[in-house]
Amino acid sequence: MVGLALLSSVAVLPAQLAALGDRVEGARTPWLGRRRTAPGRSRLRGRAARTAVRRPVPTGATSAVALLVMAPPAPGIRLQGAAATTSLPPGAATVVDAATRMEQELPPAAAEPGDGAAA
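Just so we're aligned, residue 8 is where the sequence shown starts under the working numbering, counting upward by one.
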(Lines of atoms letter the chains of each structure in order from A and count residues from 1; the text may use other names and numbers.)
(Lines give C-alpha, C1' and ligand atoms only; values in the text may rest on other atoms or scores of the structure.)
Protein backbone atom coordinates (compact mmCIF):
# COMPACT_ATOMS: atom_id res chain seq x y z
CA MET A 1 0.00 0.00 0.00
CA VAL A 2 2.78 2.40 0.89
CA GLY A 3 4.60 1.60 -2.33
CA LEU A 4 1.45 2.19 -4.36
CA ALA A 5 0.87 5.55 -2.66
CA LEU A 6 4.49 6.52 -3.29
CA LEU A 7 4.31 5.47 -6.94
CA SER A 8 1.09 7.40 -7.52
CA SER A 9 2.39 10.53 -5.80
CA VAL A 10 5.63 10.48 -7.78
CA ALA A 11 4.36 9.38 -11.21
CA VAL A 12 0.59 9.65 -11.59
CA LEU A 13 -0.13 12.93 -9.80
CA PRO A 14 2.41 15.06 -11.75
CA ALA A 15 1.15 13.51 -15.00
CA GLN A 16 -2.45 14.39 -14.11
CA LEU A 17 -1.48 17.93 -13.17
CA ALA A 18 0.44 18.36 -16.44
CA ALA A 19 -2.52 17.04 -18.43
CA LEU A 20 -4.96 19.41 -16.71
CA GLY A 21 -2.71 22.44 -17.13
CA ASP A 22 -4.57 25.68 -16.35
CA ARG A 23 -7.80 23.81 -15.64
CA VAL A 24 -6.47 22.44 -12.32
CA GLU A 25 -8.45 24.98 -10.32
CA GLY A 26 -11.36 25.06 -12.77
CA ALA A 27 -13.76 22.94 -10.71
CA ARG A 28 -15.49 24.61 -7.81
CA THR A 29 -16.10 22.82 -4.52
CA PRO A 30 -19.74 23.56 -3.66
CA TRP A 31 -19.35 24.20 0.07
CA LEU A 32 -16.26 26.37 -0.25
CA GLY A 33 -17.54 28.96 -2.70
CA ARG A 34 -15.19 31.05 -4.84
CA ARG A 35 -11.63 31.35 -3.66
CA ARG A 36 -9.76 34.59 -3.79
CA THR A 37 -6.59 34.17 -5.80
CA ALA A 38 -5.26 37.71 -5.38
CA PRO A 39 -2.70 37.87 -2.56
CA GLY A 40 -3.60 40.10 0.34
CA ARG A 41 -1.18 42.14 2.40
CA SER A 42 -0.60 41.20 6.02
CA ARG A 43 -0.11 44.24 8.23
CA LEU A 44 1.47 42.29 11.08
CA ARG A 45 3.96 40.39 8.91
CA GLY A 46 4.84 43.53 6.98
CA ARG A 47 5.47 45.49 10.16
CA ALA A 48 7.59 42.68 11.64
CA ALA A 49 9.64 42.37 8.44
CA ARG A 50 10.23 46.14 8.23
CA THR A 51 11.34 46.22 11.88
CA ALA A 52 13.71 43.28 11.38
CA VAL A 53 15.25 44.89 8.29
CA ARG A 54 15.59 48.33 9.89
CA ARG A 55 16.99 47.07 13.21
CA PRO A 56 18.55 43.61 12.70
CA VAL A 57 20.73 43.55 15.83
CA PRO A 58 17.97 44.33 18.38
CA THR A 59 15.59 41.98 16.58
CA GLY A 60 18.15 39.17 16.63
CA ALA A 61 19.00 39.84 20.28
CA THR A 62 15.32 39.77 21.24
CA SER A 63 14.87 36.48 19.40
CA ALA A 64 17.94 35.00 21.11
CA VAL A 65 16.71 36.08 24.55
CA ALA A 66 13.26 34.56 23.83
CA LEU A 67 14.89 31.26 22.84
CA LEU A 68 17.10 31.28 25.95
CA VAL A 69 14.07 31.93 28.17
CA MET A 70 12.23 28.97 26.63
CA ALA A 71 15.23 26.58 26.67
CA PRO A 72 15.73 25.69 30.39
CA PRO A 73 13.01 23.00 30.52
CA ALA A 74 14.53 21.12 27.56
CA PRO A 75 17.32 19.26 29.45
CA GLY A 76 14.73 17.87 31.88
CA ILE A 77 12.75 16.12 29.16
CA ARG A 78 12.92 12.35 29.54
CA LEU A 79 12.05 10.26 26.52
CA GLN A 80 11.21 6.61 26.84
CA GLY A 81 9.97 3.82 24.63
CA ALA A 82 6.28 3.09 24.15
CA ALA A 83 6.56 -0.24 25.96
CA ALA A 84 7.99 1.24 29.15
CA THR A 85 5.65 0.16 31.94
CA THR A 86 6.63 3.03 34.22
CA SER A 87 4.75 5.51 32.03
CA LEU A 88 1.45 3.62 32.23
CA PRO A 89 -1.22 4.71 34.74
CA PRO A 90 -1.73 2.56 37.85
CA GLY A 91 -5.27 1.60 36.79
CA ALA A 92 -4.02 -0.24 33.70
CA ALA A 93 -2.96 -3.38 35.54
CA THR A 94 -3.72 -5.79 32.68
CA VAL A 95 -1.79 -3.66 30.22
CA VAL A 96 1.16 -3.45 32.60
CA ASP A 97 1.09 -7.25 33.10
CA ALA A 98 1.00 -7.86 29.35
CA ALA A 99 3.84 -5.40 28.70
CA THR A 100 5.93 -6.98 31.47
CA ARG A 101 5.36 -10.49 30.03
CA MET A 102 6.30 -9.27 26.55
CA GLU A 103 9.51 -7.72 27.87
CA GLN A 104 10.39 -11.01 29.57
CA GLU A 105 9.51 -13.30 26.65
CA LEU A 106 10.83 -11.35 23.68
CA PRO A 107 14.54 -10.81 23.06
CA PRO A 108 15.77 -7.27 23.66
CA ALA A 109 15.62 -5.11 20.53
CA ALA A 110 18.22 -2.67 19.34
CA ALA A 111 18.44 0.53 21.33
CA GLU A 112 15.69 3.00 20.50
CA PRO A 113 16.64 6.50 19.42
CA GLY A 114 16.62 8.94 22.29
CA ASP A 115 17.05 6.47 25.15
CA GLY A 116 20.74 7.24 25.61
CA ALA A 117 21.92 3.66 25.07
CA ALA A 118 24.46 2.77 22.43
CA ALA A 119 23.37 0.42 19.65
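Where a beta carbon is used, it is the ideal one built from N, C-alpha and C, also for glycine.
Predicted, not measured: the structure shown is a model, and the values here were computed from it.
Tell me the residue span of the alpha helix (DSSP H) that contains residue i.
{"i": "S16", "result": "From DSSP, S16 is part of no alpha helix (DSSP H); its letter is neither H nor E."}
{"i": "V102", "result": "100–112"}
Within 6 Å: the Cβ of residue i and any heavy atom of the ligand SAH?
{"i": "R85", "result": "Judged by which ligands are present, the structure shown has none, so any question about the ligand SAH falls away."}
Count the other CB atoms within 10 Å of the CB of residue i; is the residue buried (16 or more) or exposed (fewer)?
{"i": "S16", "result": "exposed"}
Completely contained alpha helix (DSSP H) runs for the region 57–87, where each covers 4 or more residues
Runs found: 63–77.
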